[in-house]
Structure formats: structure tokens, C-alpha cells
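**Q**
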Amino acid sequence: MGVTCVCQVPVAEGKSVQQTVDILHRKLEQLGAVKQGNFCVDCETYHAAGSNTSGQPPKFLYVMHNTETPLSCLALFEGGPYLTADGNFDVLMVKLKSHFQNAKGHKVESRGSRYQYCDFLIKVGTVTMSSSARGISVEVEYCPCVVPGDCWNLMKEFMQSFLGPSIPELPSVYTTKPEGLYVPVDSTDTMTQYLELFGKVRKQQLRSERVVFVLRKHLTGTVAWVWVAQQCVQKRTEVAMLTLFSGIKASSRLFSLTSLCPAPGHAS
Amino acid sequence: MKNKETLEGREKVFITDFQDNLQSVNRDLNELERLSNLVGRPSESHPLHNSGLLSLDPVQDKTPLYSQLLQAYKWSNKLQYHAGLASSLLNQQSLKRSANQMGASAKRRPKVQPSTLVLPPQYVDDVISRIGRMFPDMTIELFRPNGTSAVLLVTLGKVLKAIVVMRSLFIDRTIVRAFNENLYAEDGKLDIWSKSNYQVFQKVTDHATTALLHYQLPQMPDVVVRSFMTWLRSFIKLFQTPCQRCGKYLQDGLPPTWRDFRTLEAFHDSCRQ
Ligand SMILES: [Zn+2]
Chain A
-8 MGVTCVCQVP VAEGKSVQQT VDILHRKLEQ LGAVKQGNFC VDCETYHAAG
42 SNTSGQPPKF LYVMHNTETP LSCLALFEGG PYLTADGNFD VLMVKLKSHF
92 QNAKGHKVES RGSRYQYCDF LIKVGTVTMS SSARGISVEV EYCPCVVPGD
142 CWNLMKEFMQ SFLGPSIPEL PSVYTTKPEG LYVPVDSTDT MTQYLELFGK
192 VRKQQLRSER VVFVLRKHLT GTVAWVWVAQ QCVQKRTEVA MLTLFSGIKA
242 SSRLFSLTSL CPAPGHAS
Chain B
10 MKNKETLEGR EKVFITDFQD NLQSVNRDLN ELERLSNLVG RPSESHPLHN
60 SGLLSLDPVQ DKTPLYSQLL QAYKWSNKLQ YHAGLASSLL NQQSLKRSAN
110 QMGASAKRRP KVQPSTLVLP PQYVDDVISR IGRMFPDMTI ELFRPNGTSA
160 VLLVTLGKVL KAIVVMRSLF IDRTIVRAFN ENLYAEDGKL DIWSKSNYQV
210 FQKVTDHATT ALLHYQLPQM PDVVVRSFMT WLRSFIKLFQ TPCQRCGKYL
260 QDGLPPTWRD FRTLEAFHDS CRQ
């Protein structure tokens, strides 16, 4: 394992997820990268049973697969230990149903093409959540180096050559670890980065779902607003969300004034 | 009567003609004798001996034999001089690199071992461990998997691992691999043959081989090993140093893999000229 960096690439202005992915493919091919098949990283979420009753926040267990290591899978406890297990660890999880429940609809995966350029491996994937494309992930691995701090500038220069100037910082997996600057032989660091990215994508989705919820609550009956909100959610742009929020504030005041709709707080 | 007269007349004409001819031959002979007296005695001490007389040829333009001869002479003189130097150098370090030569000559006469190739292993160990102590970020392990010849395993920081195959104190060949690459073959022996999987380290191996040919000092093999290790150590910042010419980290996907032999500055392979 070399040094890897997984980052989320924003969807290009006015383009769909697939179009943005195609643009990235074209840029890589222009650079001289050669396509070498496909890849997939997926993640199942389980919660520990009984954690809800004790009043503590639910504890999550993530089971991840990576086509790069097809015979094994990785089980990560949120903020805790992890283990590398055989590929059919999922079967064991079914047996452990009474302890860990599969959070249905929480399955996330990133699927796409794998490219090679000199000593670099590049994977451009579409992040899919409940069967709809939610974002783009790009993983870059520089295989001959094992010290992230050593080759970070070099990787940044490479990523800039096809991602443009908006380059992530050194992944926090590398900066936060005490022994820090040395990559383990397994792919834990890569998977941790994917897990972070999936979490980020999920949060973005939750935020958009909350907007719809808030709208439904405040603007009962105004179907048009809900429709507008859903359209914005489909685009998934932060700016659209903010405009929408300020729109709700203004309009809810308006609605409460004209008594077309109960004021916020009275709704529940 | 008339016939007799004409016969006498013809005899007379022939005799005068003959006398004229004889006189001219005599004259020419006299002239030649005079001229030959004028030619001085050729000097015996000419550096080219008798061939030096060619220089006396007055028609230089048509037959430039003499100048050609001089050039050939100078050339063969130089050749002899250089051959002499080369033979004295080769005698000190007669590493027979071609197997062909070894097989043919080894049977007939016992090979003369040059003195620098039969250093005691203990001495080699000492030199290597002294060099190892000079560089704290470099560990040098010494193995002798095949008889007396040493194989060095050089680990440079967390950047690279180099296998250096020695013959006595001379470096025979070297292979550079990534820090995370396998050093041992499937049979558990040190793999001193297969090249690195990464293009960066294939390039570094090429340059290290060039360095081996550059640092040559047959009289002081320990200095050569030390110079080579100093050069190799400059790769500790292989991934961190931008090219000294173009200022970039990457060119064609490779970092600067060339290190100047004197200044140890980093360059891309194509930026070094
Ligand atoms: Zn350069």
C-alpha cells in the first residue's frame, strides 16, 4: 500500500454527476492515464442493539468491502477498534442479528473506473445512496511511497493536474494518528477516508431531507413549496439550500400574517 | 662507282651522329658527377632513420608520403602510451566480467589474483561498518549468501531499500526497490535479481548503475564505496525535493530521480543536461 487520498469532487456547475465523471475521465486520459477496469467500495451500517434503551447515543458498526482486496473486508467500530476479516463476514453479521441490526437503506457505495498513470492509481467513483447518485469520489494512490508527509506535495501537484486548483488538505487520518507519518500495510487508512466521505455525503443528504421536513411542517398544504424544495434537493447544492432557508423564513412570516398557515411552533 | 660513293657518305653521317650522341652522354655523366658531389652526406641521426629521407623529396604536393608517415608515427606512439596505461590499470583490477574469457583461460593457467580482490573478509566488514556509522539515517546490513562475496542491504529512511552486490570491496551491481517491496524471493533467499515494480525505482536503479561506473578509483576501493553511499543517501528526500531546474515535483509522473554526482542536486532525468 502506498499513500492514498480520497476526496469528494463537487459536481460541475450545470452538469449532472455522470457528466462530471466523464469530464474527469477525459482529463485523465489526456494526461496519459490508462484505464484498468472497474472498482467498487461499499459500506453497510449496523447499530448495536440495546444502545438506544440505555440512553446513550447509538453506536455504529460499519462493514466495508473493497474490490482492491476482494477476499477480505473491514469492520470498523465508530471511533473505536477495527478488524480485517474474511470476505463473508456479512454472513456472521446476519447471525449476530440480535446484537447488531442492519440499518436498512444506509448502504452506501462508490463505483467507477480505475486508472493507472506511472506509479499512481486513480479511482473515480459515483457515490450511490439508496440507489441514487449523490456525489463523486476520487481516490489517488501513490504506490512507491509509504510516508504521507513525504509525498504530499508531489501528490498535490498531480491532483491539481486533473482536478484543478481546489485540492484537499492532507487527509486527517494521517495528521491525527500519533505515529502519524507511516502507512500500514493494509488499506485501513483508505477505508477510513471513504467512510468519512460517505458520512459527509450522508450528512448533506440528511440536511436536504430536513429541509423538506421543515417545509412540510410549516407550509402544510402548499404543495408547490414542497415541490420546489425537492427540486433543490435534487441539485444538492449548498447555495440552493441557503436560499431556500431564507425563503422559508420570509414566507412563513408572510403566511402566518395572512393566516393561510399556522405559525411555526403551533404546527406540532 | 656511284654505289660506292653513297655507301661512304652514309658511313660518315652515321659516325658523326654516333660521336654527337656519345659526347652528350659524356656531358650528362659529367653533370651528374658534379651534381652528386654537391649533395651532402645524409645524416645518420634522423629520428625516422632512412624513412626520414622522404622529407628530402622536393615534390611534396604530389606525394605527401612524409607527412602521412609522421602522422601515423605519432598515432602509433600515442596508442602505445595509452595501451601501457590501460594495461597497468587493468592489472590492478582484473575483474573478469565475461564468463567466456574465464572459462577458456582459467583451465590452462592458474589465474593471478590481483591484490585488491583478495582483501580479507574481516577488512571488508570493518570498512562497511565504518561507512554505516557515518550515516545515521541509513542502515547497512551485510550478508554473505554465496561464499566470500558480500551482499549489502541498504535501508534508507522509509524511502528505499538497495541491494548492493560486492566483490571484495568493489561494487559489482546494485538494485533499488521501494521501502514496501519484497526483498526476498519465494525460496526465502535475498532476491538480488528482479527489478522494482515501480517506475521511480527502476529509474533510480539505472542512475545508481551509472553512479557505479562514475565513481571509480581502483587504488582506493573504500573511498569508492563511501562516495557511492553518500550519493545514494541523497535520495532520502526523493519524494520531497522539487527539480532544481524546472521547479516541479513531477515530470511524466516521475519525481526528480537524477542526483548530480558532485553537488547531489536533484533533477528530472530530462532536466539534467
Ligand atoms: Zn525538472
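Chains A and B, in that order, are what the protein sequence lines are.
Per our numbering, the very first residue in the first sequence carries number -8; after that it's consecutive.
Per our numbering, the very first residue in the second sequence carries number 10; after that it's consecutive.
Glycine residues also receive a C-beta, built at the ideal position from the N, C-alpha and C atoms.
None of the values given here were measured: they were computed from a predicted structure.
#1: What is the C-beta distance between serine 178 of chain A and threonine 60 of chain A, in whole angstroms, given that I count them as a contact (C-beta under 8 angstroms)?
#2: Between A:Asp141, A:Ala3 and A:Leu112, which lies nearest to tyrosine 207 of chain B when the distance is taken from Cα to Cα?
#3: Rounded to the nearest angstrom, how far is the Cβ of leucine 161 of chain B from that of isoleucine 184 of chain B, given a contact under 8 angstroms?
#4: To the nearest angstrom, how far is it from the Cα of leucine 4 of chain B to the Cα of threonine 183 of chain A?
#5: So, are the CB atoms of leucine 88 of chain B and leucine 128 of chain B less than 8 angstroms apart?
#6: Quick one: is the Cβ of cysteine 280 of chain B within less than 7 angstroms of any heavy atom of ligand 1?
#7: Give me whichever residues DSSP pairs with tryptophan 267 of chain B in a beta bridge.
#8: At the level of alpha carbons, what is the spacing between alanine 24 of chain A and threonine 58 of chain A?
#9: Got a sec? Which residues, its chain only, sit under 7 angstroms from valine 230 of chain A by beta carbon, not counting five neighbours each side?
#10: Out of B:Thr272, B:Leu16, B:Leu259 and B:Thr25, which has the shortest C-alpha to C-alpha gap to arginine 242 of chain B?
#11: Quick one: does leucine 145 of chain A have its CB under 8 angstroms from some CB of chain B?
#12: At what residues does the beta strand (DSSP E) containing cysteine 34 of chain A begin and finish?
#13: Can you give the Cα-Cα distance for leucine 65 of chain A and threonine 75 of chain A, rounded to whole angstroms?
#14: Of all Cβ atoms in chain B, is any one closer than 8 angstroms to the Cβ of glutamate 148 of chain A?
#15: At a CB distance below 7 angstroms, what residues from the region 107 to 139 of chain A approach chain B? Give them in sequence order.
#16: Can you grab the Cα-Cα spacing for the pair lysine 33 of chain B / serine 60 of chain B, in whole Å?
#17: Does methionine 175 of chain B come out as helix, strand or coil in the three-state DSSP assignment?
#18: Output the boundary residues of the beta strand (DSSP E) element that contains phenylalanine 188 of chain B.
#19: Look at the alpha carbon of leucine 151 of chain B and the alpha carbon of leucine 19 of chain A, and state the distance between them as a whole number of angstroms.
#20: Quick check on the DSSP output: the beta strand (DSSP E) that includes tyrosine 132 of chain B runs from which residue to which?
#21: Which residues mark the beginning and the end of the beta strand (DSSP E) in which cysteine 142 of chain A is found?
#22: Residue range of the beta strand (DSSP E) that cysteine 0 of chain A falls in?
#23: Compare the C-beta of aspartate 141 of chain A against all C-beta atoms of chain B and say whether one is closer than 8 angstroms.
#24: Could you pull the start and end residues of the beta strand (DSSP E) that serine 104 of chain A belongs to?
#25: Quick check on methionine 55 of chain A: does DSSP put it in helix, strand or coil?
#26: Just checking my contact of serine 101 of chain A with glycine 116 of chain A at CB under 8 angstroms: how many whole Å lie between their CB atoms?
#27: For glycine 5 of chain A and proline 135 of chain A, which I take to be in contact (beta-carbon distance under 8 angstroms), what is that distance rounded to the nearest angstrom?
#28: Shortest alpha-carbon distance to glutamine 249 of chain B belongs to which of A:Gln196, A:Met146 and A:Thr119?
#29: Flag this pair as yes or no: are the beta carbons of valine 0 of chain A and leucine 197 of chain A separated by less than 8 angstroms?
#30: I want to check one thing, is the minimum distance from the CB of proline 264 of chain B to the heavy atoms of ligand 1 below 7 angstroms?
#31: Could you give the DSSP three-state label for asparagine 155 of chain B: helix, strand or coil?
#32: When you compare each of A:His97, A:Val137, A:Gln92 and A:Ser63 to lysine 194 of chain A by their alpha carbons, which one comes out closest?
#33: On the DSSP letters alone, give me the boundaries of the beta strand (DSSP E) that lysine 114 of chain A sits inside.
#34: Roughly how many angstroms lie between the CA atoms of arginine 227 of chain A and valine 2 of chain A, to the nearest whole one?
#35: Check alanine 3 of chain A in the structure and name its three-state DSSP category.
#36: In angstroms, rounded to a whole number, what distance separates the CA positions of valine 129 of chain A and valine 164 of chain A?
**A** This is what the structure gives:
#1: 6 angstroms
#2: A:Leu112
#3: Rounded, the Cβ-Cβ distance is 11 angstroms, inconsistent with contact.
#4: Nothing can be reported for residue 4 of chain B, as the shown portion of chain B is limited to 10 through 282.
#5: no
#6: yes
#7: B:Phe276
#8: 20 angstroms
#9: With a pLDDT of only 45 at valine 230 of chain A, under the threshold of 50, the placement of this residue in the model should not be trusted, and no figure is reported.
#10: B:Thr272
#11: yes
#12: 25 to 39
#13: 5 angstroms
#14: yes
#15: Tyr108, Cys109, Asp110, Phe111, Cys134, Pro135, Cys136, Val137 and Val138
#16: The displayed chain sequence assigns serine, not lysine, to residue 33 of chain B. Those two C-alpha atoms are separated by around 35 angstroms.
#17: strand
#18: That residue, phenylalanine 188 of chain B, is in no beta strand (DSSP E); it is neither H nor E in DSSP.
#19: 44 angstroms
#20: Counting along the chain, tyrosine 132 of chain B falls outside any beta strand (DSSP E), though it belongs to the alpha helix (DSSP H) covering 130 to 143.
#21: Where cysteine 142 of chain A is concerned, there is no enclosing beta strand (DSSP E), although the alpha helix (DSSP H) it sits in stretches over 139 to 154.
#22: Sequence check: residue 0 of chain A is valine here, not cysteine. Here the beta strand (DSSP E) through valine 0 of chain A covers -6 to 0.
#23: yes
#24: 99 to 108
#25: strand
#26: 4 angstroms
#27: Actually they do not touch by this definition, with Cβ atoms about 39 angstroms apart.
#28: A:Met146
#29: no
#30: no
#31: strand
#32: A:His97
#33: 111 to 120
#34: Note that arginine 227 of chain A scores a pLDDT of 46, beneath 50, so its modelled location is shaky; the value from the coordinates is reported in the next line. Rounded to whole angstroms, arginine 227 of chain A to valine 2 of chain A spans 9 angstroms at the Cα level.
#35: coil
#36: 16 angstroms
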